[in-house]
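Below is one structure, written out as structure tokens; comments come after it.
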Amino acid sequence: MTPVQPAPTTRHAIRAEGLRKRYGSGKTDKPALSGFDLAVPTGTVYGLLGPNGAGKTTAVRILATLLRADGGRAEVGGHDVATQPRQVRRQIGFAGQDAAVDEILSGRQNLEMFGRLFHLGPRAARHRARELLEQFRLTEAADKVVSGYSGGMRRRLDLAASLVLAPRVLFLDEPTTGLDPRARNEVWDAVRRLAADGTTVLLTTQYLDEADQLSDRIAVLSAPPGEGGRTIADDTPEGLKNLVGGDRVEVVVGGTEHLAAAREVVARVSGVTPESDAATLRISAPVTDRVEALTDVARTLRDRAVDVVDLAVRRPTLDDVFLRLTGGTAAPVPAPAAEPAATGNTAPEGAAA
Amino acid sequence: MSTTALPATGPERRLYWALTDCWTIVRRELTHLARQPSLIAWQLGFPIVSVLLFVYVFGSAMQVGGGADYRDYAMPGMFAMTMAFGFMNTAMAVAVDKDRGVIDRFRSMPMAPSAVVTGRGVSDVLHAALDLAVLAAIALVIGWRPTGGLPGAVAAFALLLLLRFALIWVGVWLGLKVKNQEAAGNLFAVAFPFGMVSSVFTPPSLMPDWLGTIAMWNPVSATAGAVRDLFGQPMASVGDSFVETHAHLMAVVWPLAITAAFLPLAVRRFQRLSR
Ligand SMILES: Nc1ncnc2c1ncn2[C@@H]1O[C@H](COP(=O)(O)OP(=O)(O)OP(=O)(O)O)[C@@H](O)[C@H]1O
Ligand SMILES: [Mg+2]
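Residue numbers (this note's numbering), protein chains in the order written: chain B, 2 to 354; chain F, 51 to 325.
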């Protein structure tokens, strides 16, 4: 009934158009997805960003054939996820938000079982399990019961389980949440290796530097309080950063009495009215030539004996993009011009500056 | 060395993989059992302790009529009650797999989807057979002697396993329905009256009218009654209602009815995971 499909050489390994999903039957429930579009070119790593509850997990679960969309359509590896789930499943690896491994089996038994269920022969399954255990530094714990594993070991085992067949398309839902830096780097390396071998990866993450490091392109989902679960941006990390503007020069002064002088200096060099924040004693303005702007500002500030605590030219980070696009649930987007809030919570940037 | 899946084409190939995958799941469950022998001890603890209590503490005061020895009355009841409680094991195992995302992992793989359920069914029946072997050994140690001959004993165990088989689907349905594994643990509140309001320890004819009627119609009573008879124990205090005089028939009809009702429900719940 289902003839073997020739490996489809589609340009997009993952393609979603207007996916809609609402949980439950209640009309009171907000939709989890309301028009989710995505086109992931074959062989690329795609990051899916969005605040909590934006629908990232929902989107990934629909694409991995675990959930049925209410509307729209999606293809993975050239097969429709709704009508050809079998063909899709043969090409994908899936690691959900929580480690989905058998707690009572050992790590090795887990991987051998999944290998068998991926229809490897007994010997091939054993061999593949050994390879994966080694790759994810689990050889020593291989024969221990998983319930005795640490969270990070469990996550690594989970990831290994999603790679049993070296999938053509890999879905990773927050793959490094709860991992220590070393384990995180290993996961990143594994993803890069897979990508180099031609695997298409769709990963969701809360860590913007992770998306920045790994992704060729990034899609951002809208925040749920308003219209949640829609793709509101889709670009390269650089493109997204350009969205919130280019480089900015930033001066932090030692006291309120220095604010006016510093504003004047920054205004002259940048040629625009700078933004300033009296609470954090910070002044910033966009600049075109980083080096020239920095030296100019530094020299003039010193000439005028302004007490400077910090001076830098800052590239916008993905944090800025994320906060700007999603309406900033963690911290507000930089306030236009000097309008210090008494509470002083108008910190205009993410901590990752 | 190859790490590519074999192509799955044609109905024979489909069947081959459905069976192979089922066996892989069964092996997983058997490994669980082997890894946690104490689990069996705990699960059998309740029926064993309760039957010992009834036989030795209340036994002398228990009049089951027909000159029957209470121990001979209670042992088959203990078997039936263990089978009845079995649905909780199923529900718990399913709830844990659902909670942990293991079912999702299975569903994202190219394995036969039926294997998740068939594997569960086969391994639960094997588990129940092991339970019965342990219980029968204990019963023999404390002096229980079936007198119904080998065919009777075989038929009795078959009926017990049939009840357990039917309750697998109740367990799968409940395990998928409950919110999480803690909620699955609370199912004992359902299991306890289901097992106890029956002919397991006392003939329904000795209960207050309304309770006796419920106990009489309880599927567990049908199995317990039929099994008592097959083990050659005198049919003590059997009422003359249809369900009681036709215990053998009801011990087959009830499980089939339960299966007919709950197997589709369980399958539908499973399919609804994607909603
Ligand atoms: N099984 C479910 N039943 C009902 N509502 C759900 C269910 N799963 C998710 N939701 C709702 O759907 C919306 C999207 O959830 P989803 O898990 O996809 O978000 P997410 O982007 O993955 O969030 P997070 O970053 O917290 O993982 C949320 O409002 C959530 O409450
Ligand atoms: Mg999520």
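Beta carbons are placed, not taken as given, at the ideal position from N, Cα and C, and that holds for glycine. These numbers were taken from a predicted model, which means no experiment stands behind them.
According to DSSP, which residues form a beta bridge with residue i?
i	result
V314(B)	V250(B)
E18(B)	R74(B)
E276(B)	S285(B)
L50(B)	V221(B)
A40(B)	R16(B)
H80(B)	V77(B)
V270(F)	Answer by DSSP bridge pairing: none, since V270(F) is not bridged.
S107(B)	V146(B)
V309(B)	V254(B)
Does the Cβ of residue i have 16 or more other Cβ atoms within 10 Å, making it buried, or fewer, making it exposed?
i	result
F281(F)	buried
Q321(F)	exposed
T257(B)	exposed
V307(B)	buried
W92(F)	exposed
D144(B)	exposed
S148(B)	exposed
I308(F)	buried
R16(B)	buried
Q92(B)	buried
G97(B)	buried
Q283(F)	buried
E211(B)	buried
S88(F)	exposed
I192(F)	exposed
W260(F)	exposed
A197(B)	exposed
Among the options, whose alpha-carbon lies nearest the alpha-carbon of residue i?
i	options	result
A313(B)	L326(B), L50(B) and D297(B)	D297(B)
D290(B)	F37(B), R157(B), R16(B) and R315(B)	R315(B)
L133(B)	F119(B), D144(B), R124(B) and L158(B)	L158(B)
V166(F)	P269(F), I75(F) and S248(F)	I75(F)
G78(B)	L64(B), D71(B) and R69(B)	L64(B)
D181(B)	A162(B), D304(B), R194(B) and M154(B)	M154(B)
A311(F)	W223(F), V240(F) and L237(F)	W223(F)
D174(B)	D304(B), E18(B), A101(B) and V82(B)	A101(B)
R78(F)	G19(B), A17(B) and D103(B)	D103(B)
M125(F)	L213(F), A241(F) and V99(F)	V99(F)
E232(F)	T132(F), F135(F) and K148(F)	K148(F)
P243(F)	V228(F), N268(F) and K229(F)	N268(F)
A234(F)	F292(F), D181(F), A141(F) and I192(F)	A141(F)
A241(F)	T81(F), F137(F) and P97(F)	F137(F)
G116(B)	T81(F), R150(F) and M159(F)	M159(F)
G19(B)	L166(B), S271(B) and A60(B)	A60(B)
P97(F)	F129(F), A265(F), P253(F) and G202(F)	F129(F)
T177(B)	A167(B), R194(B), G152(B) and G199(B)	G152(B)
G72(B)	A33(B), A142(B) and W189(B)	A33(B)
R64(F)	G202(F), A162(F) and S173(F)	A162(F)
List the endpoints of the continuous beta strand (DSSP E) containing residue i.
i	result
L204(B)	T201 to T205
A33(B)	No beta strand (DSSP E) contains A33(B), which DSSP labels as neither H nor E.
T232(B)	T232 to D236
A220(B)	R218 to L222
G109(F)	G109(F) -> no beta strand (DSSP E), and no H or E assigned at all.
G94(B)	I93 to A96
Could you tell me the boundaries of the alpha helix (DSSP H) in which residue i lies?
i	result
I188(F)	S164 to V191
F281(F)	It is not in any alpha helix (DSSP H) - F281(F) carries neither H nor E in the DSSP assignment.
A307(F)	A297 to Q321
D320(B)	L319 to T327
F135(F)	Y120 to R150
L173(B)	Unbroken run through L173(B) is the beta strand (DSSP E), V170 to D174; no alpha helix (DSSP H).
N236(F)	Element bounds for N236(F): n/a, residue is neither H nor E.
H82(F)	G60 to R85
D159(B)	G152 to S163
T1(B)	In the structure as shown, chain B begins at 2 and stops at 354. Residue 1(B) is therefore absent and cannot be evaluated.
H128(B)	P123 to Q136
Q88(B)	P86 to R90
K227(F)	G199 to K227
P182(B)	P182 to A197
E211(B)	L209 to L215
T252(F)	Looking at the DSSP string, T252(F) is not in any alpha helix (DSSP H), and its letter there is neither H nor E.
E141(B)	It is not in any alpha helix (DSSP H) - E141(B) carries neither H nor E in the DSSP assignment.
A261(B)	L260 to S271
Does the distance between the C-beta of residue i and the nearest non-hydrogen atom of ligand 3 fall short of 7 Å?
i	result
A75(B)	In the structure on display, ligand 3 does not appear, and the ligands it does have are ligand 1 and ligand 2.
Counting only beta-carbon atoms, is residue i nearer than 8 Å to chain C?
i	result
M154(B)	Of the chains in the structure shown, none is chain C; the protein chains are B and F.
What residues come near ligand 2, if near means a beta carbon less than 7 Å from any of its heavy atoms?
K57(B), T58(B), Q98(B), D174(B), E175(B) and T205(B)
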